[in-house]
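Inspection log for the structure reproduced underneath, given as structure tokens.
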Amino acid sequence: MRNTRSITIALGIGIAALPLAAASVQAGKPEEVGLSTERLQRIHETMQRHIAAGDISGGVTLVARKGRIAHFEAHGVMDLDAKKAMQKDALFRIASMSKPITGVAIMMLMEEGKIHLTDPVSKFIPEFKNMKVAVAREGTAAGRGGAAPEFYTVPANREITIRDLLSHVSGLVSGPMSTAEANKLGRKPTDTLADYIPRLGSTPLEFQPGSRWSYSPGAGFDTLGRIVEIVSGQPFDQFLRQRIFGPLEMADTTFYPVDKQLLRVAVRYQKTANGLVKQEGGPPSNVYFSGAGGLSSTAEDYAQFGQMLLNGGTLNGKRLLSPRTVDLMSSVHAPDTLPGRPAGRSFGLSVQVVNNAVASNYRVSDGSYGWDGAFGTHFWVDPKEKIVGILMVQTSNQELMRDFENAIMQAVVE
Numbered sequence: 070m071r072n073t074r075s076i077t078i079a080l081g082i083g084i085a086a087l088p089l090a091a092a093s094v095q096a097g098k099p100e101e102v103g104l105s106t107e108r109l110q111r112i113h114e115t116m117q118r119h120i121a122a123g124d125i126s127g128g129v130t131l132v133a134r135k136g137r138i139a140h141f142e143a144h145g146v147m148d149l150d151a152k153k154a155m156q157k158d159a160l161f162r163i164a165s166m167s168k169p170i171t172g173v174a175i176m177m178l179m180e181e182g183k184i185h186l187t188d189p190v191s192k193f194i195p196e197f198k199n200m201k202v203a204v205a206r207e208g209t210a211a212g213r214g215g216a217a218p219e220f221y222t223v224p225a226n227r228e229i230t231i232r233d234l235l236s237h238v239s240g241l242v243s244g245p246m247s248t249a250e251a252n253k254l255g256r257k258p259t260d261t262l263a264d265y266i267p268r269l270g271s272t273p274l275e276f277q278p279g280s281r282w283s284y285s286p287g288a289g290f291d292t293l294g295r296i297v298e299i300v301s302g303q304p305f306d307q308f309l310r311q312r313i314f315g316p317l318e319m320a321d322t323t324f325y326p327v328d329k330q331l332l333r334v335a336v337r338y339q340k341t342a343n344g345l346v347k348q349e350g351g352p353p354s355n356v357y358f359s360g361a362g363g364l365s366s367t368a369e370d371y372a373q374f375g376q377m378l379l380n381g382g383t384l385n386g387k388r389l390l391s392p393r394t395v396d397l398m399s400s401v402h403a404p405d406t407l408p409g410r411p412a413g414r415s416f417g418l419s420v421q422v423v424n425n426a427v428a429s430n431y432r433v434s435d436g437s438y439g440w441d442g443a444f445g446t447h448f449w450v451d452p453k454e455k456i457v458g459i460l461m462v463q464t465s466n467q468e469l470m471r472d473f474e475n476a477i478m479q480a481v482v483e
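With this note's numbering, the residue at position 2 of the sequence shown is 71, and numbering never jumps.
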């Protein structure tokens, strides 16, 4: 872990001297970066309102602007049963916020000339050659319990590519028909990416590649993780540690929290009519490194990653990507006019891109980009306002995400 030292950090409740890990994104007073200390207090009020409503048990919020942390606060508790107060260094299962990290890994290999966005997946995993596409039979629909409709298959019009996987237009395990077939594969606890991913090549695609947008929760980015392994010659977890987490000083970002880290893992809850119910999950795998959703991280760690993107690919004097590559990542690759995308929200390479904030109903600037995790984590980068926003909770709540964005944007005073 990073060494700790005492620095002054601007909190939503004022300025206080508190210990903070020695990080690359350092603290600064809100007014020094065009934010209002008084107005940032509304982040605290927002979190307390959602805690009181029983939406979440607690969380950690962090706001950086112009390269300085202007707000960093823990709220509520990380374990309701133990009444354990939330810690600023709590670890959260970030689920699909793992995807942008996988996206950066792919882009690094692209810069090295080892991968092209137009490369077919079969170039690296031959089992993905000659894939089929599922077509629902006329007059059939999803059955009881969400069962997939009856379908037949036709040849894919073209092969799926790296770009397709990054932008969720591949059709790989992206809907009821393809998911039902993938579920029959039965991934075993001992399976590695090398064991399991080739088997996905036997599943039908949900639609013709590129014809629509549909989220691939696991398969698409797990396949990208396997491609990183093949191209780099390293296990995916090792590649991330050496090439991303090490340079960015993300010491608490990992597939498998160990030792003292486990004591800082926030409990995951689901909101029900009877209140928040603890969600038991199995231990994280130390053999299957899911690029789609397997990582745990802290607010401060992920802020380093977000700041690196905002800086155009560099932090700590270490350059991971060129500014042009970050621009490519955060450009529109799947427009909001593509079937499956909501108005104002396009998709880039591993990140959602807000191309029209008014139409999207998001309180961020046009051109902002980021992504969420299934358990409630949320981040975005706003290049126009030079903001990185990090929300770490362990109960999914879209309303809270929008409220958090609003609380930040209303605090921008210059």
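Using N, Cα and C, we set each Cβ at its ideal position, and we do this for glycine too.
The structure presented is a predicted model; accordingly, all values stated were derived computationally and were not measured.
{"Check": "Going residue by residue through the region 179 to 239, where are the continuous beta strand (DSSP E) segments of at least 3 residues, counting only ones entirely within it?", "Outcome": "201 to 205 and 220 to 224"}
{"Check": "Once you ignore the five residues that flank residue 189 on each side, which residues in its own chain have a CB closer than 6 Å to its CB?", "Outcome": "228 and 230"}
{"Check": "By Cβ distance below 6 Å, which residues in the same chain neighbour residue 446 in space, the five residues on each side in sequence not counted?", "Outcome": "161, 163, 166 and 461"}
{"Check": "Please determine, among 373, 336, 197 and 431, the residue with the shortest C-alpha to C-alpha distance to residue 132.", "Outcome": "373"}
{"Check": "Which class does residue 78 belong to by DSSP, given the choice of helix, strand or coil?", "Outcome": "Note on residue 78: pLDDT 37, under 50, position unreliable in the model; the coordinate value appears next. Residue state, collapsed to three classes: strand."}
{"Check": "Contact between the region 119 to 136 and the region 392 to 411: three or more CB pairs below 8 Å?", "Outcome": "no"}
{"Check": "Going by Cα to Cα distance, which pick from 254, 256 and 277 is closest to residue 225?", "Outcome": "277"}
{"Check": "Would you grab the beta carbon distance between residue 246 and residue 273 for me? Rounded to a whole angstrom, and I think it's under 8 Å.", "Outcome": "7 Å"}
{"Check": "Would you mind sorting residue 157 into buried or exposed? The rule is 16 or more other CB atoms within 10 Å of its CB.", "Outcome": "buried"}
{"Check": "I want to know whether the region 318 to 326 touches the region 348 to 364 - three or more CB-CB distances under 8 Å.", "Outcome": "yes"}
{"Check": "For a quick check, are the C-beta atoms of residue 441 and residue 425 less than 9 Å apart?", "Outcome": "no"}
{"Check": "So what's residue 289 in DSSP terms, helix, strand or just coil?", "Outcome": "helix"}
{"Check": "Classify residue 337: buried if its beta carbon has 16 or more other beta carbons within 10 angstroms, exposed otherwise.", "Outcome": "buried"}
{"Check": "Please state the DSSP three-state secondary structure of residue 168.", "Outcome": "helix"}
{"Check": "Take residue 296 and list the residues in its own chain whose beta-carbon comes closer than 6 Å to its own, dropping the five residues that flank it on each side.", "Outcome": "193"}
{"Check": "Please go through the region 323 to 354 and give each complete beta strand (DSSP E) segment of 3 or more residues, from N-terminal end onward.", "Outcome": "338 to 341 and 344 to 347"}
{"Check": "Tell me whether residue 331 is buried or exposed, calling it buried when 16 or more other Cβ atoms sit within 10 Å of its Cβ.", "Outcome": "exposed"}
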